[in-house]
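Trainee:
There are 2 protein chains.
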Amino acid sequence: MVTGIPVRERLVDAALDLFDERGYEQTTADEIADRAGVGRTTLFRHYRSKEDVIFPDHDRLVAAVRERLATSSAETALVAVTDAVRLVLLRYVEEGDRARRRYALTSRVAALRDREIASVARYQRLFREFIAEWMGPAPGAALRAELMAAAVVSAHNHVLRRWLRRDAADPAAELDAAMAQVVSLFTRPDEPAGGGSTVVVLRDHHDPEYVAATIRRVLTQP
Amino acid sequence: MVTGIPVRERLVDAALDLFDERGYEQTTADEIADRAGVGRTTLFRHYRSKEDVIFPDHDRLVAAVRERLATSSAETALVAVTDAVRLVLLRYVEEGDRARRRYALTSRVAALRDREIASVARYQRLFREFIAEWMGPAPGAALRAELMAAAVVSAHNHVLRRWLRRDAADPAAELDAAMAQVVSLFTRPDEPAGGGSTVVVLRDHHDPEYVAATIRRVLTQP
DNA sequence: GAGCGGCGCGGTACCAAGTACCGTTATGAC
DNA sequence: GTCATAACGGTACTTGGTACCGCGCCGCTC
């Protein structure tokens, strides 16, 4: 082969192009392999299935999330959760245009949408288990953990979709704000009932202006 | 045919039995049809896919949920949501043992678990759209609606799983309690800040004792 | 009772995803 | 030069799912 572009990349490009041109179901694995200049066998050697070609390595990302969650104490649990979910968001954002093309496909093709949802559910499960362990065996904690995990993932999805639709200029900041809202939602009832305390979780290397802006955003749109 | 049992039922029983005996992937569509005493064509005439055999008519249930949500005003929105999600729970509970067998399968087989998750996501989408419309175009409402829809579905899943594991004697009551917690979670911040108001949403035909018990449960395990 | 139209069913053939296996080629170590 | 390894391609096979055709059964009409 003349091209220096790796096989995996060529396959992804070929698949995305063909899915756009002819639709997902109408595109056969042979055609993808042909356009990428490889055999059908090679396609399935690199990707487990036809869907897998356009989905990133979720397994690796799930592992990264698990790792980030594992390195945290009880005090830093919420920071770990926020960091971990930001990890996922940034992975998408790094993909840039490719993530947007995938989003356009998942919006049209039910099979791909289901696949995406199943992937997200794995993150949610991770968060649920982590939060449940963090909350301990108190009565009602299991439900609270499940609700909070769902909220975390939903916040992520919300911001991600906004970014995919080009409605979010600074997705990381929006995620921080959304996560702050989630955290406040689930920690407020346990507060001393002072009425209106808000918890904001941020990474440690933001500049003060950014922190101020984020806090302002959280407080002005509760 | 001698048996008076409908074909669809025979297919479901055959599929569940075979999945238990040999596992899901190891069971072929031919075998299911054979055991049910019909041809392979007939199987795919009644069910769109091999998975579909053991999953209930989600389409019909989704339609029922949509219908229940549609018949509600702004004041009764939360009651409609609670009723609708209870509709889904009770549909599972009515299935009884069959739901439990399916649960055992979805716990083992990744493909079936993904399928189940995708189905649940459709309910969640319905709730999200309904709640978003109910909340209106206020800033931050879209996120709040998404969080609340996720919480509603999670509450349902939590109770459902407890019932499937035989940990819930009265799933309807538990769902009421869980939903009350969800509603309070998302309505408390808008309250006059009196500190500790709890909203309980119940069906209108419960007897007073039941109402009292539910309220007690909600207040004692916040 | 003869015809007749709809309906549920079975069989065959076909398509495409995914798997298993084998042969080929290139690359690099010794 | 030889051998080992890894990546690739081709062929054949299994299986889920679709399309199509033909058969038998039931009820209806005349």
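Protein sequence lines correspond, in order, to chains B and R.
Quick note: the first sequence uses our numbering, first residue 23, plus one each step.
Quick note: the second sequence uses our numbering, first residue 23, plus one each step.
Where a beta carbon is used, it is the ideal one built from N, C-alpha and C, also for glycine.
Computed from a prediction, not measured in an experiment: that's the story for all the values here.
Examine chain R for any beta-carbon lying closer than 7 Å to the beta-carbon of Glu-151 (chain B), and answer yes or no.
Mentor: no
Trainee: From Val-115 (chain R) to Val-142 (chain R), what does the alpha carbon distance come to, in whole angstroms?
Mentor: 16 Å
Trainee: Output yes if chain R places a C-beta closer than 7 Å to the C-beta of Leu-165 (chain B); else output no.
Mentor: yes
Trainee: On the three-state DSSP scale, how would you describe Tyr-114 (chain B)?
Mentor: helix
Trainee: Below 9 Å on C-beta distance, what does Ser-71 (chain R) contact in chain B?
Mentor: Here the premise fails: no neighbours, minimum Cβ distance about 11 Å.
Trainee: What's the gap between the Cα of Ala-163 (chain B) and the Cα of Glu-196 (chain R)?
Mentor: When rounded, the separation of the alpha-carbon atoms in Ala-163 (chain B) and Glu-196 (chain R) is 14 Å.
Trainee: Check for me: the alpha helix (DSSP H) holding Val-247 (chain B) runs from which residue to which?
Mentor: The question about residue 247 (chain B) has no answer here: the residues shown for chain B are numbered 23 through 244.
Trainee: From what residue to what residue does the alpha helix (DSSP H) around Ala-154 (chain B) run?
Mentor: 132-157
Trainee: Please name the residue in B:Arg-188, B:Glu-47, B:Ala-167, B:Ala-190 whose C-alpha comes closest to that of Leu-207 (chain B).
Mentor: With distances taken between Cα atoms, Leu-207 (chain B) lies closest to B:Ala-167.
Trainee: Given that a residue counts as buried once 16 or more other Cβ atoms are within 10 Å of its Cβ, and exposed if not, what is Gly-216 (chain R)?
Mentor: Only weak support exists for where Gly-216 (chain R) lies, its pLDDT of 35 falling under 50; the coordinates are left without a value.
Trainee: Would you say the stretch 121-133 of chain R touches the stretch 145-154 of chain R, given that touching needs at least three Cβ pairs under 8 Å?
Mentor: With a cut-off of 8 Å on Cβ pairs, the stretch 121-133 of chain R is not in contact with the stretch 145-154 of chain R, counting fewer than three such pairs.
Trainee: From the beta carbon of Ala-126 (chain B), is the nearest beta carbon of chain R less than 7 Å away?
Mentor: no
Trainee: To the nearest angstrom, how far is the alpha carbon of Arg-30 (chain B) from that of His-178 (chain B)?
Mentor: 28 Å
Trainee: If you follow the alpha helix (DSSP H) that Asp-198 (chain R) is part of, which residue opens it and which one closes it?
Mentor: 193-209
Trainee: Alpha carbon to alpha carbon, how far is Thr-104 (chain R) from Leu-40 (chain B)? Give it in angstroms, no decimals.
Mentor: 44 Å
Trainee: For Thr-63 (chain B), which three-state DSSP category applies?
Mentor: helix
Trainee: Compare the C-beta of Ser-176 (chain B) with all C-beta atoms of chain R and state if any pair is closer than 7 Å.
Mentor: yes
Trainee: Which residues, in chain order, does the stretch 179-194 of chain B contribute to contact with chain R at a C-beta distance below 8 Å?
Mentor: Asn-179, His-180
Trainee: Have a look at Gly-61 (chain B) and His-68 (chain B) and give me their C-alpha separation to the nearest angstrom.
Mentor: Approximately 11 Å, taken between the alpha carbons.
Trainee: Between which two residues does the alpha helix (DSSP H) holding Val-174 (chain B) run?
Mentor: 163-186
Trainee: Can you tell which of B:Pro-28, B:Ala-160, B:Gln-203, B:Pro-193 has its C-alpha closest to the C-alpha of Leu-112 (chain B)?
Mentor: B:Pro-193
Trainee: Strictly below 7 Å CB to CB, what residues from chain R border Ile-139 (chain B)?
Mentor: Ile-139, Ala-140, Ala-143
Trainee: Inspect the beta-carbon positions of Asp-119 (chain B) and Ala-140 (chain R) and report whether they are closer than 7 Å.
Mentor: no
Trainee: Express the C-alpha separation of Phe-66 (chain R) and Asp-74 (chain R) in angstroms, rounding to a whole number.
Mentor: 9 Å
Trainee: Determine the DSSP secondary structure at Arg-122 (chain R), reduced to helix, strand or coil.
Mentor: helix
Trainee: Output the distance between the C-alpha atoms of Ala-51 (chain B) and Ala-132 (chain B), rounded to the nearest integer angstrom.
Mentor: Spanning the two alpha carbons is a distance of roughly 18 Å.
Trainee: If we call anything under 7 Å between Cβ atoms a contact, is Leu-91 (chain B) one with Phe-152 (chain B)?
Mentor: Yes, the pair counts as a contact, with Cβ atoms nearer than the cut-off.
Trainee: Under 7 Å between C-beta atoms, does Leu-65 (chain R) make it to chain B?
Mentor: no
Trainee: Using CA coordinates, which residue listed in B:Ile-54, B:Ser-94, B:Arg-44, B:Gly-26 is at the minimum distance from Ala-36 (chain B)?
Mentor: B:Ile-54
Trainee: Using a 10 Å radius around the Cβ and a threshold of 16 neighbouring Cβ atoms, would you call Glu-138 (chain B) buried or exposed?
Mentor: Buried.
Trainee: CB-CB under 6 Å to Arg-188 (chain R), same chain, minus the five flanking residues each way: which ones, in chain order?
Mentor: none
Trainee: Tell me which residue opens and which closes the alpha helix (DSSP H) that Val-84 (chain B) is part of.
Mentor: 80-92
Trainee: Closer than 6 Å by C-beta to Ala-171 (chain R): which residues in its own chain qualify, once you throw out the five before and the five after it? Chain order, please.
Mentor: Gln-146, Phe-149, Arg-150, Ile-153
Trainee: In chain R, which residues lie less than 9 Å from Glu-43 (chain B) when you measure between Cβ atoms?
Mentor: Residues of chain R passing the Cβ test: none, with the nearest at roughly 26 Å.
Trainee: Name, going along the chain, the residues of the stretch 72-101 of chain B whose beta-carbon falls closer than 9 Å to a beta-carbon of chain R.
Mentor: none
Trainee: Given that Ala-106 (chain R) touches chain B, what residues does it touch there, using C-beta distances under 9 Å?
Mentor: Simply none; closest approach about 17 Å.
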